[in-house]
Structures are given as C-alpha cells and as structure tokens.
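S.K.:
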Amino acid sequence: MKKFVIGGNWKLQLLTVKENIAVATEIRDAIEELSLENVEVFIAPSFHALYSVGQILKGSKLKLAGQNMYFRDKGAFTGEISVDSLLDVGCEYVLLGHSERRRIFDETSPVINQKVKKALEKGLKPVLCNGETAKERAEGNFKQVNQTQLEESLADITAEEVAQIVIAYEPVWAIINKFLNPDTEITTATPEQATEAHDFIRGWLITTYGKEIGGQVPIQYGGSMKEANCEGLLNIPNINGGLIGGASLSAAKFKPIIEMAIKFANQP
Ligand code: PGA
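Residue numbers (my numbering): 25 to 292.
(1) Using alpha carbons as the reference points, say which of R127, L229 and N170 lies closest to K302.
(2) Could you tell me which of L110, A213 and V196 sits nearest to D207, measuring between CA atoms?
(3) Kindly give me the distance between the Cβ atoms of G265 and V29, rounded to whole angstroms, as I take these residues to be in contact under 8 Å.
(4) Do you know offhand how far K235's Cα is from P242's?
(5) For K87, does the three-state DSSP call read helix, strand or coil?
(6) Are the beta-carbon atoms of K82 and V107 separated by less than 8 Å?
(7) Between the alpha carbons of A143 and P280, how many angstroms are there, rounded?
(8) May I ask whether a heavy atom of the ligand PGA can be found less than 7 Å away from the beta carbon of A179?
(9) Is I199 near the ligand PGA, judged by its Cβ being under 7 Å from some heavy atom?
(10) So what does DSSP say about Q168, is it helix, strand or coil?
(11) How long is the line joining the alpha carbons of N44 and Q79, rounded to whole angstroms?
(12) What residue from N92, A285, A54 and E255 has the CA that sits closest to P215's CA?
(13) Count the CB pairs spanning the region 57 to 74 and the region 178 to 187 that are closer than 8 Å, and state whether there are at least three.
Spelled out as structure tokens, the structure:
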C-alpha cells in the first residue's frame, strides 16, 4: 500500500489568529468523516496562531506543523523559535529548507542540516524541502542541484533517522510565488517532469540509505498542486503526497486533494 503525507503550508497568508482558526476548523471538520488510513494530513499556520490552532486540533485527524525553527535550544536569539516551543503547542512536523527560506532568507543547506538534526533529536518530524530554480533547470543542472541540497541537508544523518523524515521536492519555478518567479510563468511540473525528479530522488535515497529505508521515505511534490492537477501527480509511483500552499487555504480547495490521496492509498 502506498502511503501519503498531505501538508498545507500557509506561509504568511492568514494574518490574524481568527482567520487561522477559521480555516483550521473548516479543514478539521471536513476531514473528520474521511478514513485516513495511510494518509497523514498537516497544516502549518502562522507562528502566532499555532497555540490556538493546536487547541482546536486536539483529538482530531489534522496534525500541526511549524513553518521553520532554529537549531539551538534556547537563548539570546532574537526572532527565532525553538523546537521545544513547537512541540509545546502540539506540532508534530516542521518544514525545513523551504525554497522561500533558502532563496529569500539565504538559508544554506549546512544550516538546514543543523535544524534537521535538532528536530530529529527532539522527536519533531522534519519535512525537508529541496528543488531547483528555472535557471538551474534550463542549464541542465536540476539533478545535481537537488542531489547537493540533499547531501548537505542530510549530512551525518543515519538511515534510522532518515526513516523519520519527509522529503518535499518543490521545483522553485512551480511554486506560486511572484517574488521568487518574477519573470517566469509559474507552471506545475508536468507528470513527466515530476516523474523524472521523484525517480531521481528515490534513487538517491535508496543508494544512500538502502532499499528498505530509502524506498519508504515519503517524497511529497510541491508547486501549484491543486484539485485540477493532483490526480496526475499523486498517481506517480514515487510521489507520496503534496506540500500545498495556495490550495490549502480553504477546505473547499484542500479536501479534494486529500480525497485523491485516499483514493490512491486504498488501491492495491
Ligand atoms: P503553492 O506552494 O502550492 O502555492 O505553489 C507550495 C509550497 O511552496 O509549499
């Protein structure tokens, strides 16, 4: 049976606690009647709303994620949030190395590596994002870019630890982000492009961590996934879910993607 992880990345889109609670409640209630065997669903709200959203998700099927974290436990680090704080409000996942962190906030893979290690040490599941820009793809470098990001972000991490991680392949050119993609048209990866990239990442995981573990690590696809294209993407053998931005901001848009994952998770 194929397993799926579907994540909603709310970025800096919902600005008030009230809005975060409203959308979280809507999604929580929409998925309550669904059978989520082999499908995990999380949302990553704004930091300031995590506590309130965590309260309303208690005992529900919807899990909570942080959008980022610092790799030090505590101290004089203005503007940062620690893994213990994310755990305290009920987070089970944390997004690390999202392309907006890498490309807008200059986060490097060695820094992300420290974050992955800290999250693993404390039992928070990292969702490690990687992906190439349009330019890197046009230059024919996309495999090397992804491999380097993976090698550096997962440096010194054992196979047993990697078994706790979710990978998200997010080609930067496919993410609905006018800031990162000012001059290029934002298009979802075609099934052929997604297949090639996910097969490559799966191959790297198997070569590095062995078939048993490398073959099982979920690899999400991210970048303009929505109801209209999720069937073609989630049906691809090495795609085990989606990291979804824009289409996770309402139950009406998010639920059909979750239902598609359930359909494929129940196929023999
Ligand atoms: P998008 O964002 O679905 O809005 O393209 C995906 C992501 O950045 O995680």
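Glycine residues also receive a C-beta, built at the ideal position from the N, C-alpha and C atoms.
M.R.: Inspection of the coordinates gives the following:
(1) The structure shown does not extend to residue 302, since the chain is modelled only from 25 to 292, so the question has no answer here.
(2) Working through the sequence shown from its first residue, we reach residue 207 at position 183. Nearest C-alpha to D207 among L110, A213 and V196: V196.
(3) Locating residue 265 in the sequence shown gives position 241, counting from the first residue. Locating residue 29 in the sequence shown gives position 5, counting from the first residue. Approximately 4 Å separates the beta-carbon atoms of G265 and V29; this is inside 8 Å, confirming the contact.
(4) Along the sequence shown, read from residue 1 onward, the residue named residue 235 stands at position 211. Along the sequence shown, read from residue 1 onward, the residue named residue 242 stands at position 218. Their backbone Cα atoms lie some 13 Å apart in a straight line.
(5) Looking up residue 87 in the sequence shown gives position 63. Here K87 sits in strand by DSSP.
(6) Here residue 82 corresponds to residue number 58 of the sequence shown, with the count starting at 1. Here residue 107 corresponds to residue number 83 of the sequence shown, with the count starting at 1. Contact: no.
(7) Stepping through the sequence shown from its first residue, residue 143 is reached at position 119. Stepping through the sequence shown from its first residue, residue 280 is reached at position 256. A143 and P280: Cα-Cα distance of roughly 30 Å.
(8) The sequence position of residue 179 within the sequence shown is 155, counting from 1. The answer is no for A179.
(9) For the purposes of this step, residue 199 is taken as residue 175 along the sequence shown, with counting starting at 1. Yes.
(10) Taking the first residue of the sequence shown as position 1, residue 168 is located at position 144. Residue state, collapsed to three classes: helix.
(11) The residue given as residue 44 occupies position 20 in the sequence shown. The residue given as residue 79 occupies position 55 in the sequence shown. Annotation: N44 to Q79 spans about 12 Å, alpha carbon to alpha carbon.
(12) Working through the sequence shown from its first residue, we reach residue 215 at position 191. Out of N92, A285, A54 and E255, E255 has the C-alpha closest to the C-alpha of P215.
(13) No, they do not touch.
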